[in-house]
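Only one structure is covered here, and it is reproduced in the block below.
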Amino acid sequence: MLCVTQEERSFSEEEEEKLQSGLSLEKHTLHLLLETLSFILEQNQNQNQNELYCQAVYHNLKPASLRQQLENISVQPEKAEVFAQVWASAAPDVLQKIRLGIFAPNKLDLVGWQLNLQMATSARSRLKAPHAVLNLGLRTEDDTERLQDVFVEFNHQDLLDFYNQTGAPGVFECEVLMN
Amino acid sequence: MADAVSVFGGRAPAEVQQLAKHLRNLDRDTLSQMLSAVLRAVDGLDCRESLRLISESGLVSEDSFNHAVAGLYALLKEALCLPSLRQEVFNEDLRALRVSEEFIADVSSAVFGSRQTSINISDTHRGPTLAKIQDFKWRVDVAISTSSLSRALQPSILMQMKLSDGHLHRFEVPVVKFQELRYNVSLILKEMNDIEKRSILRIQD
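Protein chains in written order, with the numbering used here: chain A, 3 to 181; chain B, 7 to 211.
Right under this line is the structure:
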């Protein structure tokens with residue numbers, strides 16, 4: 003139907019009476035109906051604004067183009083200007099946060115470790131074998147409170163192998179792509 | 007006499023009691039070869055090759071060889087299990103078993119000299135352990151575009167670990183966490199090196 007604000011009324015008195023008789027509604031029911039409809043439309047208008055913000059993030063819009071687009075959907079110029087300025091200052095952080103939030107089923111969130119010295123076993127006493135236990139805390143996408151703990155044990159040779167396996171290639175590629 | 011062997015805390019098993027009898031016919035070289043093979047066996051390492059060489063060399067009769075190896079194995083295994091065994095006490099035990107003096111020195115040094123080479127224990131003899139990595143794979147991905155960002159260009163690492171207890175873990179590692187992981191691993195390696203090079207804890211052997 004129409005875009006309305008709180009103060010305006012979409013229909014004149016006569017038109018409301020015609021609607022009332024046509025829809026067989028009581029006066030207060032009609033008003034309720036009109037208010038509900040205008041509320042829904044306002045939401046749509048807000049939704050247009052939300053769409054716009056999502057687009058701004060998606061395309062990494064410049065503040066000037068954001069202001070222009072806001073004015074195009076009939077937001078008042080002063081307000082559009084305010085939005086553009088806030089966007090200009092907040093955009094880098096928002097974008098970075100979204101970049102780092104790329105989703106995956108499990109994410110490594112915590113790296114903990116413990117270095118032990120094995121002194122004896124039931125088969126042998128007087129050992130001095132160092133071994134390490136790595137605690138990898140994995141966070142699942144839906145459960146943001148609890149970390150799943152994965153405990154992995156390494157002796158010296160195992161740890162060396164692990165270090166070499168996660169070695170130069172992976173690190174190098176990551177650093178190239180980050181810069 | 008054999009009842010007083012303290013290493014076994016009571017009566018020594020039959021193969022140990024008869025050990026001296028079978029050692030009598032050996033020369034020192036053969037004995038030292040047998041000792042090193044048996045030491046490897048006690049640690050759970052493979053010693054079949056060296057034992058085969060000794061038995062095929064013909065210097066020892068097969069019967070003697072079998073009994074001697076069994077006796078040495080039982081003796082060394084028990085001696086290496088006791089943390090507070092002193093060399094003099096062990097020597098006394100060997101005398102009580104009627105092992106000849108020169109052999110006593112050899113056997114004793116086998117037990118007390120090998121304490122430092124404890125890093126080569128096979129995995130079965132390490133006692134209960136947590137899961138170890140059986141298979142480890144990784145890949146580097148770059149998220150070019152997502153539903154929220156048209157130009158994301160965010161690298162990330164996907165790791166897949168298969169552990170010895172059968173679990174398979176697949177997880178993403180942000181680059182920052184990967185650096186942290188690698189830093190911590192190298193820190194642990196440095197600490198391990200320090201421990202092995204010099205005794206950080208002054209453990210009296």
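Virtual Cβ for every residue (Gly too), placed ideally from N, Cα, C.
None of the values given here were measured: they were computed from a predicted structure.
- Message: Assess contact between the segment 57 to 69 of chain B and the segment 16 to 23 of chain B, defined as three or more Cβ pairs (one per stretch) separated by less than 8 Å. Is contact present?
- Response: no
- Task: Could you tell me the distance, in whole angstroms, from the CA atom of A80/B to the CA atom of F96/B?
- Result: 14 Å
- Say whether the segment 151 to 160 of chain B touches the segment 98 to 110 of chain A, bearing in mind that this needs 3 or more beta-carbon pairs closer than 8 Å, one atom from each stretch. yes
- In this structure, does DSSP put K20/A in helix, strand or coil? helix
- Under the three-state reduction of DSSP, which class applies to R46/B: helix, strand or coil? helix
- Name the one or two DSSP bridge partners that R141/A has. K109/A and L149/A
- Item | Straight-line Cα distance separating V75/B from Q93/B | 21 Å
- Task: For F184/B, I'd like the list of residues in its chain whose CB is within less than 8 Å of its CB, leaving aside the five on either flank, ordered along the chain.
- Result: I163
- Helix, strand or coil: which one does DSSP assign to L78/B? helix
- For F177/B, go through chain A and note every residue whose CB falls closer than 8 Å to its CB, in chain order. A106, P107, N108, K109, L110, L138 and L140
- Task: Reducing DSSP to helix, strand and coil, say where N157/A ends up.
- Result: strand
- For E28/A, collect the residues of the same chain with a Cβ closer than 8 Å to its Cβ; drop the 5 residues on either side in sequence, then sort them by chain order. Q22
- Where Q167/A meets chain B, residues with beta-carbon distance less than 7 Å: F142
- Task: Indicate whether at least one CB of chain B lies closer than 9 Å to the CB of R148/A.
- Result: no
- Message: Checking 9 Å against the spacing of the C-beta atoms, do I82/B and L41/B come in under that value?
- Response: Rather than Ile, the amino acid found at residue 82/B in this sequence is Leu. For L82/B and L41/B, yes; Cβs fall inside 9 Å.
- Task: To the nearest angstrom, report how far apart K168/B and A122/A are at their CA atoms.
- Result: 28 Å
- Item | Delimiting residues of the alpha helix (DSSP H) encompassing V179/B | Note, V179/B: premise wrong, no alpha helix (DSSP H); beta strand (DSSP E) at L174 to V179.
- Message: Beta-carbon within less than 6 Å of P65/A's beta-carbon, same chain only, minus the 5 sequence neighbours each way: which residues are those?
- Response: A86, W89 and A90
- Answer yes or no: does any C-beta atom of chain A fall closer than 9 Å to that of P180/B? yes
- Message: Using a Cβ-Cβ distance cut-off of 9 Å, determine whether N62/A contacts chain B.
- Response: yes
- Excluding sequence positions up to five away, which residues of its chain have a Cβ less than 6 Å from the Cβ of F142/B? M167
- Task: Give me the Cα-Cα distance between S233/B and D163/A, rounded to the nearest whole angstrom.
- Result: Because chain B in this structure spans residues 7 to 211, residue 233/B falls outside the shown range and cannot be described.
- Item | 8 Å Cβ cut-off: residues of chain B touching S127/A | L86, C87, L88 and P89
- Where do the N-terminal and C-terminal ends of the beta strand (DSSP E) with V105/B fall, by residue? Where V105/B is concerned, there is no enclosing beta strand (DSSP E), given that its DSSP letter is neither H nor E.
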